[in-house]
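Structure first, commentary second.
In our numbering, the protein residues as written are 21 to 174.
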């Protein structure tokens, strides 16, 4: 042992032999689980939701400036890349909301056992995907109806 602290990292295996413990848990120690991914995804969704909200404020600002400014923004949101960005923002908002509800339940003392957390993960993903698809269908469905009405009126 080079240092006194090294003694803290010495442990015994089940067969009695000595082994050196890791200094801290590492990814190699754990099997990657859905709950781990969902925890990371919740943080990423929070960042994406915040970034999308900034773009939403820019959209509202353009709407308040007048029709010319709003037309420019509408060009971007009607572009396939713009629609993809809106879909991603919607997904991030919905998932962050659903994950927030899970955390709220945990804070209240519900569904906090390991088995229940592992059962709720796929449910959270399913609710997120379902709610996002319903929202996107209603958003893009309304937009498609409006564009058809405009073409008929022309």
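Backbone N, C-alpha and C fix where the C-beta goes; we use that ideal spot for every residue, glycine too.
Considering only the beta carbon of each residue, do residue i and residue j sit closer than 9 angstroms?
{"i": "residue 107", "j": "residue 148", "result": "no"}
{"i": "residue 112", "j": "residue 68", "result": "yes"}
{"i": "residue 105", "j": "residue 75", "result": "yes"}
{"i": "residue 58", "j": "residue 145", "result": "yes"}
{"i": "residue 110", "j": "residue 60", "result": "no"}
Just to confirm my understanding: we take residue i, look at its own chain, exclude 5 residues before and 5 after, and list those with CB closer than 6 angstroms. What are they?
{"i": "residue 82", "result": "89, 90, 93"}
{"i": "residue 66", "result": "116"}
{"i": "residue 126", "result": "132"}
For the beta strand (DSSP E) that residue i lies in, which residues bound it at each end?
{"i": "residue 40", "result": "38-40"}
In the DSSP assignment, find the alpha helix (DSSP H) that holds residue i and state where it starts and stops.
{"i": "residue 72", "result": "54-85"}
{"i": "residue 115", "result": "100-127"}
Just to confirm my understanding: we take residue i, look at its own chain, exclude 5 residues before and 5 after, and list those with CB closer than 7 angstroms. What are they?
{"i": "residue 40", "result": "29, 30"}
{"i": "residue 21", "result": "Confidence in residue 21 is poor, its pLDDT being 48 and thus under 50, which makes the residue's placement too unreliable to answer from."}
{"i": "residue 42", "result": "49"}
{"i": "residue 156", "result": "107, 110"}
{"i": "residue 63", "result": "none"}
Identify the residues that DSSP records as bridge partners of residue i: which are they?
{"i": "residue 31", "result": "39"}
Could you pull out every residue in the same chain whose Cβ sits closer than 8 angstroms to the Cβ of residue i, ignoring the five residues on either side in sequence?
{"i": "residue 142", "result": "54"}
{"i": "residue 50", "result": "56"}
{"i": "residue 32", "result": "38, 39"}
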